[in-house]
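Chains as they are written, first to last, in my numbering: chain A, 11 to 169; chain B, -9 to 757.
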C-alpha cells in the first residue's frame, strides 16, 4: 500500500504492508533510524514521534494511519549543526548515558513543552513516566526538562 | 558546571566534563545494531522451546520452507559433528558438562531455548514462518525450585548425576570456634528474586561471511569482544584472525549484554553456510527469556557477636538458581555472593557454602553488582536484627565493625574451588568516612524520632547500610595511540563502550597527560580490528584498566614526539622538553606536534593488574509505608562512596544515581516469575516493572576520593556498580523499621505492595 505524509517538513511516500508500524516505516523505509524500538508494545516510549503535534508511540500506530499526517522525529527536532536548547540541557545535566531512550525522551518533552512551556516538575514527571530509561535514574532528565522550559517560554513569547 | 577549558596539565581529570558521545545521541545519529543493514541481508528468527524440560521427538519445518520469502531453516541436524558448547570465562573443575550447547538437539532444558532458526527475506516473514514449524516435544518433569533441584530426583544432565555443578566454600579463620565463643548469635533465612539487567536496546547481531577471504565479521559486539572472538573462532574451527567483532553504539549492558549467547553462534553459522549477511534483533518478549537472568538466591546465614556488638564470625549456606546451563559468566554471582557477603565489615572468621544448582529456567549470568547485592541484603538484615537483639544502636554497631584505613589491605574470605579469584583484599579506604557523611547528610539524628511512627496514615522508617564494590577486573588492557594526518591523536582502546561514557573518560585522561585539548583526542574502541588483543568492559574495569593503559601509551607517545623533535632540531633527546603539544629547546627553538606528523607516531600502551579495586560506601533510606495498600514510598535516599580518584564527577554521579534507581526496581517491582511448569510468566515491560520517572524522585549522591587505590597509577577504582549493591538491605531495613510495631521481617524480596500488605496482615492475624 502506498502512504503519503510529511516527515520533518518534507513530503514523503512509502510502499508499505498493511501491518507495518509507523516506527518500522520511519526506520526501514525512510531510513530515519533516530527513532528507536525498545519494546514494540507501547510501554517503553523509545519510539515516540510527534504526529500532528501530539507525542505518539511509533510502534502502536500503523504506517498507513499516517496518511496525510505531519510527523516529526528526533532528526526533525535537530538543527543543521549544534544542539537545540532541549538537547543542550540534556547534555549539560547528563540526562543520557547509552542514548537509546533519548530520542523518545526528546520528542515527548518537545511535544509537552511546546504545548505547556510552564509545565510544573510534577507535570513533567507524570508525562515522562511513559518513557523508560534504564541508565540515568530520571533525576537528571527532569532537571534538563525544567531547564529547557525557558527556551519554550521564549518561543511562545516570540510568536 | 561549564566544560573545563584547557589551561594546564590535569584540568580534565576530576572535572565535571560534558560527554563527547552526547552530540550524536541527542541528534538521533547514534548507530545501534538495528540501524545498520547490508545489501542482500537475510533476517533470522528463533523457534524457542515452549516447554521447560523435555525430549525433542521431531522438528518438521517443511511447511515453513515453502513459505514466500523463507530461505532456510536451521536445526541441530544442520550442525556437523558435536553441537559446540559455549566456553566459560572462568572455568572450574566441575562445570564442564553443564556448558550450553548452541542449539538443542535431544533435550530442551528451559522455556525459550533455541531449537531452530529461520532465515528469511525480512524479520516479519521469518517470524511468520516460526508458526509453521511443527515441534514435537515429550515433556519431562520440570525442575523449578531449590528443593526439587537439590534432591536430584529429576536430573537435567543424566550423565553427571547431580543438579549441583559446584559448591564454592568461602573460608577465613575458624568459624566454628568463633560461634562457640559468641555471646550472641543471629540466624535467619533470606531470598532475593530472579531478575535481569534489562538494557533498553534488545540484543542482536549482524554477521557477514567473506568466502573469498575466509573471514567472519560480527557487528553488535559489546562488553568483551576479544574473548567472544576467541570463543567464536574455537567453535567455528576458524583461526582467531579470521573473526572480527565490530562494536557499534550499545544501548546499555549492566553485565548481561555482550556475553556469548547461543544465538550469536547460530546467526554467524547462517551467514557462513548461506553466504548472505544475517541480521537478528530480539523483540522484548524474546529478550526476557533469552538474555542472562540473575540474583535468584536463597540463604540460611548467621552472625556471631561479642556482647559489645563486635562481629566474631559468619556461617551459613547460599543457594543460587543458575538456570539450565552454566553460561560463560554464570558462576561469578555464586562465587561473589560467598566471597563478598562480609562486605565492609571486619569478620575474622567465615565459613560459607555457596551451592550453584541448575533448574529448568533461563540460564543465569551477571547483573550489576553480581552476588554483592544479594550478600549485602543478607548481612545488613542480620546487622539490624543483631542491633535489636543486643540492644545496641544501629549506627553504633556498624561503627564498631566497619573497616578502617589501619587495616588495609584487608583480606576477604578465600573461595575454593578456585576460578582464578580465590583470594582478594580490599585495597584502601576508611569506611567510616562515607558512613558518617551519610549519617550527617541524611539528618539521621533528627529523623531518629520518626522510627516506626504513624504520620498521615503511613508508617515511617529509616535505615543505613554499607557496601563494597569490586572493580578493575584483570588481567590487562591495551591501547594504541597514533598521530593522525590532521594532527589529532587517535586512541584505539581495547575497552568497550556500553553507554557509560568511555570516549569521554579516555579522552580526558589522554588529554591531561598529553597536555592537549580534549578535542584533539579521537577515541576508537571495542572492535577487534583496532588492536591485536584487548579485554573490554566488565567488572567495572574500563576506567582503571583502560585509563591506566592510556597513561602508558601517552608516556610513549610523548617520548616519540621528543625523539622526532630532537632529530628535527639537531639536538639530543635530553635537550628537548615537551609541554602542551610543543617540543622546545633551552635556547628557545620549538617544534609543534603538527610538524612531526610525517615522522609518524604509533605507540602501544598497556596495563597489567590482577588486583581488583574496592570502592566502598554507605547509603540511607527513609521510607513511608502505607499499611492499607502495602505501597512503600522512598521519602529520601542518600548514597556516598569513595572511588579512590574521580575522573569525571558528572559521569560518576550518573553511574551511582542510575544504579541506585535500578536498585529500587530490584527491591520493589522487578521479578521474573515462573509457574510450576517452568513457563516464564513475564512477557512484556507491562509485566517486568522497571522504575519510572514518577516512582523515585529523591536520590542524592556524594562521591569522595580520600583513599586512592594503590593498584594503579590513576589511583582510581571501578565505580559503575556500587550504587545498586546496598539498596536491597537498606530499603528492607527501613521497611522493617517503619513496621517495627508489627514485628515484620522483610527477608524475602521483592517488597511488592502485595507482599508488604501480606506481611502486615499476617502480623495482625497473630496478635
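Note that CB positions come from ideal geometry on N, CA and C, so glycine has one too.
Buried/exposed call for residue i, threshold 16 Cβ in 10 Å
i	result
residue 415(B)	exposed
residue 247(B)	buried
residue 203(B)	exposed
residue 624(B)	buried
residue 249(B)	buried
residue 52(B)	exposed
residue 665(B)	exposed
residue 122(A)	buried
residue 754(B)	exposed
residue 567(B)	exposed
Three-state secondary structure assigned by DSSP to residue i
i	result
residue 517(B)	coil
residue 314(B)	coil
residue 84(A)	helix
residue 471(B)	strand
residue 35(A)	helix
residue 363(B)	helix
residue 29(B)	coil
residue 69(B)	coil
residue 697(B)	coil
residue 125(B)	strand
residue 176(B)	strand
residue 540(B)	helix
residue 228(B)	coil
residue 78(B)	coil
residue 191(B)	coil
residue 434(B)	helix
residue 120(A)	helix
residue 563(B)	helix
residue 257(B)	helix
residue 198(B)	strand
residue 639(B)	helix
residue -9(B)	Its pLDDT being 31, under 50, residue -9(B) is placed unreliably by the model, and nothing is read from it.
Integer Cβ distance of residue i from residue j, believed to fall under 8 Å
i	j	result
residue 750(B)	residue 617(B)	5 Å
residue 363(B)	residue 458(B)	Incorrect: roughly 12 Å between the Cβ atoms, too far for contact.
residue 76(B)	residue 93(B)	About 11 Å separates the two Cβ atoms, so there is no contact after all.
residue 7(B)	residue 498(B)	6 Å
residue 417(B)	residue 601(B)	7 Å
residue 580(B)	residue 646(B)	With a Cβ gap of about 44 Å, residue 580(B) and residue 646(B) do not count as contacting.
residue 596(B)	residue 542(B)	6 Å
residue 131(A)	residue 156(A)	6 Å
residue 42(B)	residue 100(B)	6 Å
residue 120(A)	residue 154(A)	Contact flag wrong, Cβ pair sits at about 12 Å.
Delimiting residues of the beta strand (DSSP E) encompassing residue i
i	result
residue 482(B)	479 to 483
residue 723(B)	Premise fails: residue 723(B) lies in the alpha helix (DSSP H), 717 to 728, not in any beta strand (DSSP E).
residue 62(B)	60 to 65
residue 235(B)	233 to 236
residue 448(B)	448 to 461
residue 102(A)	Per DSSP, residue 102(A) belongs to no beta strand (DSSP E); it is in the alpha helix (DSSP H), 95 to 102.
residue 292(B)	287 to 295
Which listed residue (the options) has its alpha carbon closest to that of residue i
i	options	result
residue 173(B)	295(B), 447(B), 684(B), 406(B)	295(B)
residue 763(B)	402(B), 711(B), 259(B), 715(B)	Nothing can be reported for residue 763(B): it is not among the residues displayed for chain B, which extend from -9 to 757.
residue 548(B)	250(B), 503(B), 26(B)	503(B)
residue 176(B)	672(B), 372(B), 450(B)	372(B)
residue 303(B)	232(B), 687(B), 95(B), 161(B)	161(B)
residue 315(B)	22(B), 721(B), 103(B), 643(B)	103(B)
residue 667(B)	711(B), 36(B), 22(B), 44(B)	44(B)
residue 18(B)	108(A), 121(A), 135(A), 126(A)	108(A)
residue 592(B)	472(B), 468(B), 707(B)	472(B)
residue 96(B)	147(B), 81(B), 661(B)	147(B)
residue 587(B)	574(B), 345(B), 477(B)	477(B)
Continuous alpha helix (DSSP H) stretch holding residue i: start and end
i	result
residue 587(B)	Neither: residue 587(B) is in no alpha helix (DSSP H) and is coded neither H nor E.
residue 76(A)	Looking at the DSSP string, residue 76(A) is not in any alpha helix (DSSP H), and its letter there is neither H nor E.
residue 495(B)	492 to 504
residue 52(B)	52 to 55
residue 270(B)	Premise fails: residue 270(B) lies in the beta strand (DSSP E), 268 to 271, not in any alpha helix (DSSP H).
* For the region 47 to 74 of chain A, enumerate the residues whose C-beta is nearer than 9 Å to any C-beta of chain E, in chain order. => No chain E appears in this structure, whose protein chains are A and B.
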